[in-house]
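Trainee: Protein chains in written order, with our numbering: chain U, 786 to 1203; chain Z, 786 to 1203.
Number of protein chains: 2
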Amino acid sequence: MITSQTQDIIPEKWYNIVPDLPEPLAPPIDNSSDRSSIELLNSLLPREVLRQEFTFNRYERIPDEVREIYAQIGRPTPLFRARRLEDFLGYRGKIFVKFEGATATGSHKINTAVAQAYYAGKEGIEEVVTETGAGQWGTATALAATMNGIRSTVFMVKVSYEQKPLRKKIMSLYGARVYASPSTETPFGRSVLEKEPGHPGSLGIAISEATEYALEHGIRYLVGSVMNAVLTHQSVIGLETQKQLELMGEEANVLIGCVGGGSNFGGFTYPFIGQGKEVEAIASTAEEVPKLSRGEFRYDRMDTAGVLPSVKMYSLGADFVPKKIYAGGLRYHGASPSLSVLVKNGIVRPEEVGEAEVIEALQVFARTQGIVAAPESGHAIASLIRYCRAHREERKNIVVNVSGHGLLDLSIFDRVGI
Amino acid sequence: MITSQTQDIIPEKWYNIVPDLPEPLAPPIDNSSDRSSIELLNSLLPREVLRQEFTFNRYERIPDEVREIYAQIGRPTPLFRARRLEDFLGYRGKIFVKFEGATATGSHKINTAVAQAYYAGKEGIEEVVTETGAGQWGTATALAATMNGIRSTVFMVKVSYEQKPLRKKIMSLYGARVYASPSTETPFGRSVLEKEPGHPGSLGIAISEATEYALEHGIRYLVGSVMNAVLTHQSVIGLETQKQLELMGEEANVLIGCVGGGSNFGGFTYPFIGQGKEVEAIASTAEEVPKLSRGEFRYDRMDTAGVLPSVKMYSLGADFVPKKIYAGGLRYHGASPSLSVLVKNGIVRPEEVGEAEVIEALQVFARTQGIVAAPESGHAIASLIRYCRAHREERKNIVVNVSGHGLLDLSIFDRVGI
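(1) Please find out if some non-hydrogen atom of the ligand NAD comes closer than 7 Å to the beta-carbon of Thr1089 of chain Z.
(2) Please report the Cβ distance between Ser1188 of chain U and Ile802 of chain U, rounded to the nearest whole angstrom; I am assuming they are in contact, meaning their Cβ atoms lie under 8 Å.
(3) Please identify, using Cβ separations under 7 Å, the residues of the region 952-974 of chain Z that lie next to chain U, in order along the chain.
(4) Which residues does DSSP pair with Met1098 of chain U in a beta bridge?
(5) Is the region 1065-1082 of chain U close to the region 1035-1049 of chain U, with three or more CB pairs under 8 Å?
(6) Measuring CB atoms only, is the region 987-1007 of chain Z touching the region 927-946 of chain Z, in the sense that at least three cross pairs come out at less than 8 Å?
(7) Assign Asp1204 of chain U to one of two classes, buried (16 or more other C-beta atoms within 10 Å of its C-beta) or exposed (fewer than that).
(8) Indicate whether Gly1147 of chain Z and Gly1191 of chain Z have their beta-carbon atoms separated by less than 8 Å.
(9) Which chain Z residues sit within Cβ distance under 7 Å of Val1157 of chain U?
(10) Where does Leu1147 of chain Z fall in DSSP's three states?
(11) Can Gly1131 of chain U and Asp805 of chain U be called in contact, C-beta distance under 8 Å?
(12) For the putative contact between Ala889 of chain U and Gly1155 of chain Z, defined by C-beta atoms under 8 Å, what is the C-beta separation to the nearest angstrom?
(13) If you count every other CB in all the chains shown that lies within 10 Å of the CB of Asn896 of chain U, and 16 or more means buried, which is it?
(14) Counting only Cβ pairs nearer than 7 Å, list the residues of chain Z close to Ala925 of chain U.
(15) Please report whether the beta-carbon of Ile1203 of chain U lies at a distance below 8 Å from any beta-carbon of chain Z.
(16) Let's see if you can read the secondary structure: which residues bound the beta strand (DSSP E) around Asn1186 of chain U?
(17) If you count every other CB in all the chains shown that lies within 10 Å of the CB of Gly1003 of chain U, and 16 or more means buried, which is it?
(18) Is there a C-beta anywhere in chain U that falls below 8 Å from the one on Thr931 of chain Z?
(19) With 16 as the cutoff for other CB atoms within 10 Å, does Pro972 of chain U come out buried or exposed?
(20) Looking at Leu978 of chain Z: is its Cβ nearer than 8 Å to the Cβ of Ala898 of chain Z?
(21) For Ile935 of chain Z, which three-state DSSP category applies?
(22) With the cut-off set at 8 Å, would you say Ala1167 of chain U and Asp1194 of chain U are in Cβ contact?
(23) For Ile1170 of chain U and Val1149 of chain U, which I take to be in contact (beta-carbon distance under 8 Å), what is that distance rounded to the nearest angstrom?
(24) According to the neighbour-count rule (16 or more other Cβ atoms, all chains shown, within 10 Å of its Cβ), is Phe841 of chain U buried or exposed?
(25) Between Gln1027 of chain Z and Pro807 of chain U, what straight-line distance do the alpha-carbon atoms span, to the nearest angstrom?
(26) Indicate whether Pro809 of chain Z and Ile823 of chain Z have their beta-carbon atoms separated by less than 8 Å.
(27) Determine, using beta carbons only, whether Arg852 of chain Z comes closer than 8 Å to chain U.
(28) If we cut at 8 Å on Cβ distances, does Phe1198 of chain U have a partner in chain Z?
(29) Per DSSP, what kind of secondary structure is Leu1169 of chain Z in: helix, strand or coil?
(30) What separation, rounded to the nearest whole angstrom, lies between the Cα atoms of Lys954 of chain Z and Phe1198 of chain U?
(31) Shortest alpha-carbon distance to Arg852 of chain U belongs to which of U:Arg820, U:Asn933, U:Gly923 and U:Gln837?
(32) When you compare each of U:Leu830, U:Ile858, U:Trp799 and U:Asp819 to Arg846 of chain U by their alpha carbons, which one comes out closest?
(33) Does Arg869 of chain Z have its Cβ less than 8 Å from a Cβ in chain C?
(34) Specify, as a first and last residue, the run of the beta strand (DSSP E) that Thr1070 of chain Z falls within.
(35) Spell out whether any CB of chain U is found under 8 Å from the CB atom of Leu1193 of chain Z.
(36) With DSSP collapsed to three states, give me the class of Val977 of chain Z.
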């Protein structure tokens, strides 16, 4: 939400870390000889997104229309000093929170959805399509499409569709057509349902349906994380943070975020890391999905179905099936190639956090700062608390990115009787 | 959420309209000769709240501690120009939105809860208690208590307790003890349950339980609306709006808000009205609860049970039982005495809006501005849309107060198949 005095905090350019990485990114490769999934990207993604995916430009101008939508959906998001949390932890330095939960859709996902939908619309495309698991990405796509004056279709994993009716409602409210996947809308969905009418769905199936639907209807497919272009769009988080800190007369020493595919983490930290700032960067992952600390750095499929190309990244294997954990957004088997390179080179330090610690962190954050954070963001808060407890006497400035609010995920507290 | 550049928008003083009303307020009176409910206030309310209730001071200094908490819970809330809504409506003037849904608890209620809990704590009281229907007020009380380092107890109308488990969860997360009312915690609750073990509860019963509990434990009771002190605390909304408009180089011509008890409406409009600004003020109420347009201006009980005094106000009768409408926060039978005086004197114009129009307004607002507003606030948005459609060629600046977000009230869209 914009007020005149904060408008100029929204950056004019996105930052792309690719040219500043300590080693070159390995190129994506096809994962089958039947059809080229790299060629397929030409028909799937908006042209400008594809160009940004492979560019070595350090900066990309944010179109005026996208900046204007950023302002309407709540950018700049707040950066505030969490004094009560500092007091509670007895930490002698300062803690700052960048709160992406303050966007209209409640998470950082909207930052790239708005850009991708804009580029699709610019090409004359009248509809975009995507898949969604927990619902955050689908919600962002739905609003981004509406705000760019185009339609949207979302294939939502059936089990989530049934368990998260509120998410489905918000997407519909924004004007999206939402199908439980597997659906009867695509040949692939129909083939799955033929074999198993009660199939609960999976992200892999939903991706296959969404991409098939895109190709069949000649529309564009939006990607929620992992890819370079997505992380570039998300750099708006870190760039705003830098400007906000500067206005406060502060510098960042430690940056903490959570990692699903890596987009909120990359968007938040890369402007600092890439510009050679001396920062400690901590990437918090779920104990149950420890791709960065226990995955292998190798070529692997981006999606289970293998529709998209394979990329070189830390991965637990595309067929890795994580436990049905409380933080759906962190279940992804791999991590963005650029983030993987930074971890491999010791520039980003991964850390695993388990459920009990996350729930405690969410409670502490709610009671000290009043914010009900998303379970995914709870990992970043848990890593922050861990850091402060281990370094109480330090006087560093820690900035934590709280990627979303958790108002629609309160069921995670069932287990502790809240 | 605060950023350094916006901190000074939070006012240093609250504004109290009482000395600026066009006619004096009639004093509250006891509604039975058995016990004086006015005297009872001395034991129920924090002393400073009671003083503010009866003061003729035009301004009250906001304690530094309260201002600091205001900053932590999201003040100043955003004021933004709703350009997409303007375009959609083809309105040639400007529309500004003040968004109280951006506070940590998602509505304006926290503005007074923080102040009341602060004054209770200042007196050495270690716990506060209140009742809640839909849950917004209980949530605000729970967080306000926590942030002031004291405990809280909330009696939640049983039917809401069962239908709105998320609200109960948030209150617990903030550290409140939440009881379904009627409960076994108070003599009154036990007497109700004895007669009817499956009693669904009511706001009247919950108020009786909360006040009884306060007296029994020697703690303080917090009031959510209607009273002068509450509207004074809520003036932070209008005072911020004035400063934000000034920073944008704009003036307000039309102010629109919704009315339950009158606290968000009064808080928003009074700083403009009381300072003699020429503004058109529109108070939007639910068609099913038309107290301002079809109520009687007379002494009536503030609460069904008659624990609190009677005041002179527009009322449908304390025993009026509204339909179980979609906007729980607007079901109150009366309206704040000061607001009633302003309506009676033609300074505030009441307007009734029905469910279909509200649902359409919420959809329009979500699709144009991305915000899912509360059903209560949907009334204000509906009145805004009505105004713009009737005055398309006007070039007035309209400011609408969106008092809360509706993320936890999405079920209202069930009826239209969303």
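Beta carbons: idealized from backbone N, C-alpha and C, even for Gly.
Note that this is a predicted model, so its numbers are computed, not measured.
Mentor: Here's the rundown:
(1) You won't find the ligand NAD in this model; it holds no ligand whatsoever.
(2) Contact flag wrong, Cβ pair sits at about 18 Å.
(3) Residues Lys954, Ile955, Ser957, Leu958, Tyr959 and Gly960.
(4) Under DSSP, Met1098 of chain U takes part in a beta bridge, and its partners are U:Arg1083.
(5) yes
(6) Segments in contact, yes.
(7) The question about residue 1204 of chain U has no answer, for chain U in this structure spans 786 to 1203.
(8) Here residue 1147 of chain Z is Leu; the residue named in the question, Gly, does not match the sequence. For Leu1147 of chain Z and Gly1191 of chain Z, yes; Cβs fall inside 8 Å.
(9) Chain Z residues near Val1157 of chain U: Ile955 and Leu958.
(10) helix
(11) no
(12) Between Gly1155 of chain Z and Ala889 of chain U the Cβ distance is about 3 Å, and since that is below 8 Å, they are a contact.
(13) buried
(14) Ordered by position in chain Z, no residue passes the 7 Å Cβ test against Ala925 of chain U, which lies about 10 Å from the chain.
(15) yes
(16) Asn1182 to Val1187
(17) exposed
(18) yes
(19) exposed
(20) No; because the gap between Cβ atoms is not below 8 Å, this pair is not in contact.
(21) coil
(22) Taking the C-beta atoms as reference points, Asp1194 of chain U is found no nearer than 8 Å to Ala1167 of chain U.
(23) 7 Å
(24) Answer is exposed; the Cβ neighbour count stays below 16.
(25) 51 Å
(26) For Pro809 of chain Z and Ile823 of chain Z, no; Cβs fall outside 8 Å.
(27) no
(28) yes
(29) helix
(30) 8 Å
(31) Proximity to Arg852 of chain U across U:Arg820, U:Asn933, U:Gly923 and U:Gln837 peaks at U:Asn933, based on C-alpha coordinates.
(32) U:Trp799
(33) The structure shown contains no chain C; its protein chains are U and Z.
(34) Glu1065 to Ala1071
(35) yes
(36) Looking at Val977 of chain Z - three-state DSSP - the assignment turns out to be helix.
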